[in-house]
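First comes the structure, then the notes that go with it.
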Amino acid sequence: MRHVFTWCALFLSCALIAQTSAEPTNFPKTGTVTGKVIDQTLQDPIPYASVVVRSAENNEIITGGITQDDGSFELQGLPDGKMAFEVQYIGYQTYHKQITISKANSKVNLGIIALEENVAELEGVDVVAERSTIEQKIDRKVINVGKDLTTTGATASEIMNNIPSVNVDQDGNLALRGNQNVRVMVDGKLSNVPVAQLLKQIPSTSIKKIELITNPSAKYNPEGMSGIINIVLHKNANIGFNGNINMGLTQAINAKFNSSVDLNYRNGKFNVYGSYGNNIGKYNNDGRLYRDEQDMEQLFKFRSNNKSHLYKAGLDFYLDDKNTLSFFTNQNTFDGKESGASNITYFAEEGSDFRQSIRSDNNNHSQQYNFDYKRDFNKEGHNIELEIDHNRFSDDGSTDNTFTGPSNVPDFLDMNKTEREQTTVNLDYVNPLTEKSKLELGAEARLFETNLDFNSTGMSFNADGELVPTPSTKFDYTMDIYSAYATFGQNFEKWSYQVGARFENVEVKADTNTVRAFTDKYTQVYPSAFVTYSPSEKNQYQVSFSRRVDRPGIGQVNPIRKWSTPLVSQFGNESLTPQFTNSVEANYTRRLKQGSITAGVFYRRIEDEINQALYVDPIDDNRLILTFDNFDNNSSYGLELSGNYKPLKWWNFNTSFDLFTQTQKGYLGTEYAEVENTSYNFRMSNNFIVTKKLTLSLFGFYRGRNKSLQFDAKPMYFVNTGARYAFAGGKGSVSLNVNDIFNTMRFAFDSNRPISQSGRFTWESNSVYLGLSYQFGSGKNRTVKRKNRDDNTKEGGGIM
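If you read the sequence shown in this note's numbering, its first letter stands for residue 68, the second for the next number, and so on.
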């Protein structure tokens, strides 16, 4: 840890020295300018307005500052001569005046400066567009979430299937370009909350945009083989007290309720915010598994009752025009209860049928504490930022298993306890060297530690086939990552490029029952490069390359039994090693008068691919072990097409098509397998404007057949429809949505490895959602430009 703070001090010192050396010293500085800035209509003082004095010759900034709480200002140390004075404030027209400093007139009092409101600036909380749009930026694809998407579901989890290249399965697991090795961030930050649980906590109306970073630059952590999904939430930019409230009710087989309230108070040097959100509901999941050789059928029925609550509180303190301190904390609690049954029927063996009943109780608590300091220098865009983020996660769960029938497996109770901590210290430095070039440097330390404790009352077979008590297990897993990066970019008239590299040193240690079970230490360099060519405003071409890593997650390496039935048990593999990916992409964007089209191709080369594996239990041929393993080097390539268009005033649509081909090969036990898989997805979202207040939506999705080394998954499709009505001048809205109106969504598969079997799983995809959203506030949008951190994804605010 001491090395991290050494880096921080070194970067900070260098930046301050560079800034000090840049100050001009060849002018006599005797002049002073004073005055007071007010609102022309209200005649109220405007605090924190930006006041700047520029050179009349080259327009360079000589000095600047901000107005005080009473609107007054004083700029000292001005040289003799003619200069340009200006006042800037978001929501108002810029004020310009020429001033002259001389020995005879060294003190200039401009008196009262009344700023006129700029009617083109929008007031209130972020205004949500009617339709979603897609932008292709240099290192990411940005989906600006409109009202058509927020109508489609209550939470982030429900609208993710509407996003190009993204899929969500019945358990809430995300996949990007057909691969679940993806990292999810909220406002640029990773969370300790499980992803499926996290997405159900974020109301769809709180989402401003979703960024698909399929080829992350060196500035980002290189984790996630298929890329990063960053959810950017709305930020409240109003002076005074403001907020919004959301409520939603989903009715399927069971009722589910979610709500959130987001409050913000901004005044003077302080911005205070807080939020609360919940997600409460019961869920049904059913499944069927059939094995040909044994002529056996296994039926699954699971019923869960989950309650989760998310709290957030934060404070931004603006020390002055150039220094900002921020702090926030997230607290998430989850209480989940589940009951289920597995009925096994042997059609050729009468009297062999048996039943397993499962009752589980799980409670977890996630805590996040985040501190951020940002220093802006005189040059626009020149800054240094230090962030410290600490996460704690605790989980306590138990699963009670009982059996009826001739099974020789005794009843047992499994108890699991998890304690996890992760600390991240990150330092970023940005320096626009010229108007066309920018340098970014950074250093980071990430420290992870997980402690797992497992106890069971059951019995299990040992290596000799004897039934013995299941041993208690303690598993401790630590991973320390130290990294530094540098990127450099330049913009020309039609061309722009960015190159960078990230250097990482990683050390992993795993102990089982205090005995060192696994160690891994490696150093890697992750380069990245982006080139963009824009021959006109309507056309843009982009090519990029990056190298990434997917490190095994704790759930993949945990050797403790996760769950068990008489036929299948799931364990992690503590000997998993990272997989590395080299990725190349090319994209083209065409802007149309009524929309845009984006087309892209990609190629990925994957080394030591991590994938789920199903093996025959070496102790019992009738049992299977579900785990993870490293497979041979594999490759994947594909193409993506997406667009949005408004053919009529009352109709607009977004559509996307993605196709990918994967070559998968590896050993399953002693059997070598190789599979060529080609799959595709198609989705289309239509938005119909009936009146200024009423809009209708229609969404369709189709996922093609998907093959892996062990499973051949059948196609999936569904159709959603919805309506949205706005009231109270657009501050409020009511949404009604029917999901999977034909009740066609299900996961079905066939498999021949390691045994022949087929299966089908269903969930509550057919549902009706009713939502209410309302925004309220007392102030105008009067945020100082330096405070408008909407583009800074490290800021807090919103539900997360």
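Ideal Cβ placement from N, Cα and C applies to all residues, glycine included.
query, result
"Quick one, are the C-beta atoms of residue 707 and residue 231 less than 8 Å apart?", "yes"
"Specify the secondary structure class of residue 680 as computed by DSSP and reduced to three states.", "strand"
"Which residues in the same chain have their Cβ closer than 6 Å to the Cβ of residue 181, if we skip the five residues on either side of it in sequence?", "105, 107"
"In the structure shown, what three-state DSSP assignment does residue 580 receive?", "coil"
"From residue 460 to residue 265, what distance separates their C-alpha atoms?", "13 Å"
"Please list, in chain order, all residues of the same chain as residue 573 whose beta carbon is under 6 Å from its beta carbon, the five residues on each side excluded.", "548, 589"
"Mind checking residue 249: buried by the 16 CB within 10 Å criterion, or exposed?", "buried"
"Express the C-alpha separation of residue 763 and residue 282 in angstroms, rounding to a whole number.", "35 Å"
"According to DSSP, is residue 764 helix, strand or coil?", "strand"
"Is residue 571 buried or exposed, if buried means 16 or more other CB atoms sit within 10 Å of its CB?", "buried"
"Entirely within the segment 794-849 and at least 4 residues each: give me those alpha helix (DSSP H) ranges in chain order.", "none"
"Quick check: the Cα distance between residue 752 and residue 785, rounded to an integer number of angstroms?", "12 Å"
"Under DSSP, the alpha helix (DSSP H) around residue 278 begins and ends at which residues?", "Careful: residue 278 lies outside any alpha helix (DSSP H), inside the beta strand (DSSP E) at 274-280."
"Count the other CB atoms within 10 Å of the CB of residue 207; is the residue buried (16 or more) or exposed (fewer)?", "buried"
"Helix, strand or coil for residue 269, going by three-state DSSP, please let me know.", "coil"
"By the three-class DSSP mapping on this structure, what secondary structure does residue 107 have?", "coil"
"Could you pull the DSSP bridge partners for residue 163 from this structure?", "153"
"Starting from residue 623, follow the alpha helix (DSSP H) in both directions and report where the run begins and ends.", "621-624"
"If you follow the beta strand (DSSP E) that residue 223 is in, where does it begin and where does it stop?", "Taken as a continuous stretch (DSSP letters only), residue 223 belongs to no beta strand (DSSP E), being part of the alpha helix (DSSP H) at 223-226."
"Using alpha carbons as the reference points, say which of 345, 340, 310, 337 lies closest to residue 323.", "345"
"With distances taken Cα to Cα, identify the nearest neighbour of residue 842 among 635, 169, 312, 687.", "312"
"Write down every uninterrupted run of the beta strand (DSSP E) in the segment 325-384 whose length is 3 residues or greater and which is fully enclosed by it, in chain order.", "337-358"
"Distance check for residue 741 and residue 777, CA to CA, integer angstroms please.", "10 Å"
"On the criterion of 16 or more Cβ atoms from any shown chain inside 10 Å, does residue 606 qualify as buried, or is it exposed?", "exposed"
"Go through its chain and collect everything with a Cβ distance to residue 72's Cβ below 6 Å, but skip five positions before and after it.", "Because residue 72 carries a pLDDT of 37, less than 50, the predicted location of this residue cannot be relied on, and the following value inherits that uncertainty. Contacts found: none."
"Could you check the C-alpha separation between residue 285 and residue 593 for me, to the nearest Å?", "7 Å"
"Hey, which unbroken runs of the beta strand (DSSP E) at 3 residues or more fall wholly within the segment 716-760?", "718-735, 738-756"
"Taking the alpha-carbon positions, what's the residue 754 to residue 321 distance?", "29 Å"
"When DSSP builds the beta bridges, which residues end up paired with residue 23?", "Within the shown structure, residues of the chain are numbered from 68 to 867, placing residue 23 beyond reach of any answer."
"Under DSSP, the beta strand (DSSP E) around residue 426 begins and ends at which residues?", "421-443"
"Examine the Cβ distances between the segment 488-505 and the segment 469-480 and report whether three or more of them are shorter than 8 Å.", "no"
"Measure the beta-carbon distance from residue 624 to residue 639 and round it to whole angstroms, keeping in mind my assumption that it falls under 8 Å.", "5 Å"
"Alpha carbon to alpha carbon, how far is residue 360 from residue 435? Give it in angstroms, no decimals.", "51 Å"
"Would residue 880 and residue 701 be called neighbours here (beta carbons separated by less than 8 Å)?", "This structure gives no information on residue 880, because the portion of the chain shown stretches from 68 to 867."
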